[in-house]
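Note sheet for the following structure.
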Amino acid sequence: IASLILGSAAAFQPHTALNAVPKSSSALDMKYKVAVVGGGPSGACAAEIFAQEKNIDTVMFERKMDNAKPCGGAIPLCMVGEFDIPETVVDRKVRKMNLISPTGVEVDIGDTLKPNEYIGMCRREIMDKYLRDRAIEYGAEPINGLVTSIDIPANHKQTEEPYTINYME
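In UniProt numbering, the protein residues as written are 1 to 169.
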């Protein structure tokens, strides 16, 4: 088991959110350390956003960096653009599909798509790696480990005592 101590507890207070206006210029000069637990699409994108901030050191935890998650991998076309996912990550372009729920309810997908639109099908291990690599390029530090607990100081709202993240490699 390993531990990582995260910087100022103030980094986790709502008033120091990225869009918040700091009360003084000293808040702009503070260095924060942020941990993102989970390196799937949401975690990798969060890590990428934090890593782009010059005053935030970002650590991204993922328990299995090489995991092949059993997932359909369907991504709407608008999300391909939103996440700036290159064509090489999209495994297949589906224009019609029929989903059947465990209770037998059927849903046809694709009837409303325009001729140039599609649903991107991605293999999660490829897409997740691409998104994590992008976060790493911006400076996020990847840790291949399972977070087991987070120690939060008892008086974390009144102090700048660090948080401690415990994880297994």
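We put the beta carbon where it would ideally sit given N, CA and C, even for glycine. None of these values were measured; they are calculated from a predicted model.
Please classify Ala154 as buried or exposed, where buried requires at least 16 neighbouring CB atoms within 10 angstroms. Position 154 of the sequence shown, counting from 1, holds the residue named residue 154. Exposed.
My assumption, with CB atoms under 8 Å, is that Tyr118 sits in contact with Val89. Please give the rounded CB distance. As a working note, residue 118 is residue 118 in the sequence shown. As a working note, residue 89 is residue 89 in the sequence shown. About 14 Å separates the beta carbons of Tyr118 and Val89, which is beyond the 8 Å limit, so they are not a contact pair.
For a minimum of 3 consecutive residues, which ranges assigned as the beta strand (DSSP E) are wholly contained in the region 79-137? Fully enclosed beta strand (DSSP E) runs of 3 or longer: 90-94, 97-100, 106-109, 119-122.
By the three-class DSSP mapping on this structure, what secondary structure does Pro76 have? Taking the first residue of the sequence shown as 1, we reach residue 76 at position 76. Of the three classes helix, strand and coil, the one that applies to Pro76 here is strand, per DSSP.
To the nearest angstrom, how far is the alpha carbon of Glu169 from that of Asp108? Along the sequence shown, read from residue 1 onward, the residue named residue 169 stands at position 169. Along the sequence shown, read from residue 1 onward, the residue named residue 108 stands at position 108. About 43 Å.
With 16 as the cutoff for other CB atoms within 10 Å, does Met62 come out buried or exposed? Within the sequence shown, the letter at position 62 stands for residue 62. One detail in the question is off: residue 62 reads as Glu in this sequence, not Met. By the neighbour-count rule (16 or more Cβ atoms within 10 Å), Glu62 is buried.
For Asp91, tell me which candidate among Leu131, Gly120, Ile150, Pro41 has the shortest Cα-Cα distance. In the sequence shown, counting from the first residue as 1, residue 91 sits at position 91. Taking only the C-alpha atoms, the option nearest Asp91 is Gly120.
Check Glu62 in the structure and name its three-state DSSP category. Position 62 of the sequence shown, counted from the first residue, corresponds to residue 62. Glu62: strand per DSSP, three-state reduction.
CA-to-CA distance, Ile136 to Pro86, given in whole angstroms: Indexing the sequence shown from 1 puts residue 86 at position 86. Indexing the sequence shown from 1 puts residue 136 at position 136. Each residue's alpha carbon lies about 17 Å from the other.
Nearest-angstrom Cα separation, counted from Ser149 out to Asp128: In the sequence shown, the residue the question calls residue 128 occupies position 128. In the sequence shown, the residue the question calls residue 149 occupies position 149. Taken atom to atom, the span from the alpha-carbon of Asp128 to that of Ser149 is near 24 Å.
Out of Leu146, Thr159, Pro142, Gln158, state which residue places its alpha-carbon closest to the alpha-carbon of Val34. Position 34 of the sequence shown, counted from the first residue, corresponds to residue 34. The residue from Leu146, Thr159, Pro142, Gln158 with its alpha-carbon nearest to that of Val34 is Pro142.
On the CB-based measure, 16 or more other CB atoms within 10 Å of its CB, does Met97 come out buried or exposed? Taking the sequence shown and counting its residues from 1, one reaches residue 97 at position 97. It counts as exposed.
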